[in-house]
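A.B. asks: For the sequence shown, numbering that gives the first Met the number 0 gives the first residue as 0, with consecutive numbering after it. Cβ coordinates follow ideal geometry from the N, Cα and C atoms, glycine included. Because the structure is a prediction, the values reported are computed rather than measured.
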Amino acid sequence: MWTRATWHECASELKSVSEQFQDAYWNRRYGHTYPRHPEAEKMLVDSSQRGVEILRSLALAIRSEQDFDIIPDNLSTVGLLKTGLFSIDDISQIKMNHGFNGHSGKEGYANIRLRECLNKIAHANPNLSGFYVSAGTNDHDIILTGENRGRNWLAIISLNRLIDAVKSLQDFPINRI
Numbered sequence: 000m001w002t003r004a005t006w007h008e009c010a011s012e013l014k015s016v017s018e019q020f021q022d023a024y025w026n027r028r029y030g031h032t033y034p035r036h037p038e039a040e041k042m043l044v045d046s047s048q049r050g051v052e053i054l055r056s057l058a059l060a061i062r063s064e065q066d067f068d069i070i071p072d073n074l075s076t077v078g079l080l081k082t083g084l085f086s087i088d089d090i091s092q093i094k095m096n097h098g099f100n101g102h103s104g105k106e107g108y109a110n111i112r113l114r115e116c117l118n119k120i121a122h123a124n125p126n127l128s129g130f131y132v133s134a135g136t137n138d139h140d141i142i143l144t145g146e147n148r149g150r151n152w153l154a155i156i157s158l159n160r161l162i163d164a165v166k167s168l169q170d171f172p173i174n175r176i
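1) Could you pull the start and end residues of the alpha helix (DSSP H) that His7 belongs to?
2) Tell me the rounded alpha-carbon separation between Ile70 and Leu84.
3) Return helix, strand or coil for His139, following the three-state DSSP convention.
4) Give the DSSP-derived three-state secondary structure of Tyr131 in the structure shown.
5) According to DSSP, is Ile70 part of a helix, a strand, or is it coil?
6) Considering just the uninterrupted stretch of the beta strand (DSSP E) at Lys81, what are its terminal residues?
7) Return the CA-CA distance between Glu8 and Lys166, expressed in angstroms with no decimal places.
8) Do Thr82 and Leu127 count as a contact pair if the criterion is CB distance below 9 angstroms?
9) Using a threshold of 8 angstroms, is the CB atom of Ile142 nearer than that to any non-hydrogen atom of the ligand MG?
10) In the structure shown, what three-state DSSP assignment does Pro34 receive?
11) How far does the beta strand (DSSP E) with Ser103 in it extend, from its first residue to its last?
12) Thinking C-alpha only, which one of Leu57, His36, Thr76, Asp170 is nearest Ala109?
13) State the CB to CB distance for the pair Leu158 and Asp140, rounded to an integer number of angstroms; the pair is presumed to be in contact (CB under 8 angstroms).
Following this line, the structure appears as structure tokens:
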């Protein structure tokens, strides 16, 4: 059931969902044992599904307001974009090299702001994506892929930066369509 009313509430809920996902991923509530506790596995799936719902809601709602110049784009960097050819190995490398923070400033990756980030969320290939979570820093990134006018792209989106960018905007209700 829909519970969010504003962008800031979505951002706050996304933060909470991210924390739940990280706890489940690292099996923190069950002593960091592996394989993961069944309840941690369930929370991993549930929080992932809720996070995707929130991200899509934000992407559509904020982009719509920006399309009609109701709100400006936030100019802070919330993600990184690589265009051209990439492979599944690129996603593995992103994870091994600390996600967004490990790739910021790296050759081949361009900074993206909120609007472009939201476009990537709205147009991502759901079959080829991933995530990075840090064991000690609370970093949680999503790794998305897609195609734009025949060019492949790969995006690393920092959820912490995305949440901060959304919270920096003037708050608006999310219209229920």
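C.D. replies: This is what the structure holds:
1) 6 to 24
2) 34 angstroms
3) strand
4) strand
5) coil
6) 78 to 82
7) 9 angstroms
8) no
9) This structure does not include the ligand MG; it has no bound ligands of any sort.
10) coil
11) No beta strand (DSSP E) holds Ser103; DSSP gives it neither H nor E.
12) Thr76
13) 7 angstroms
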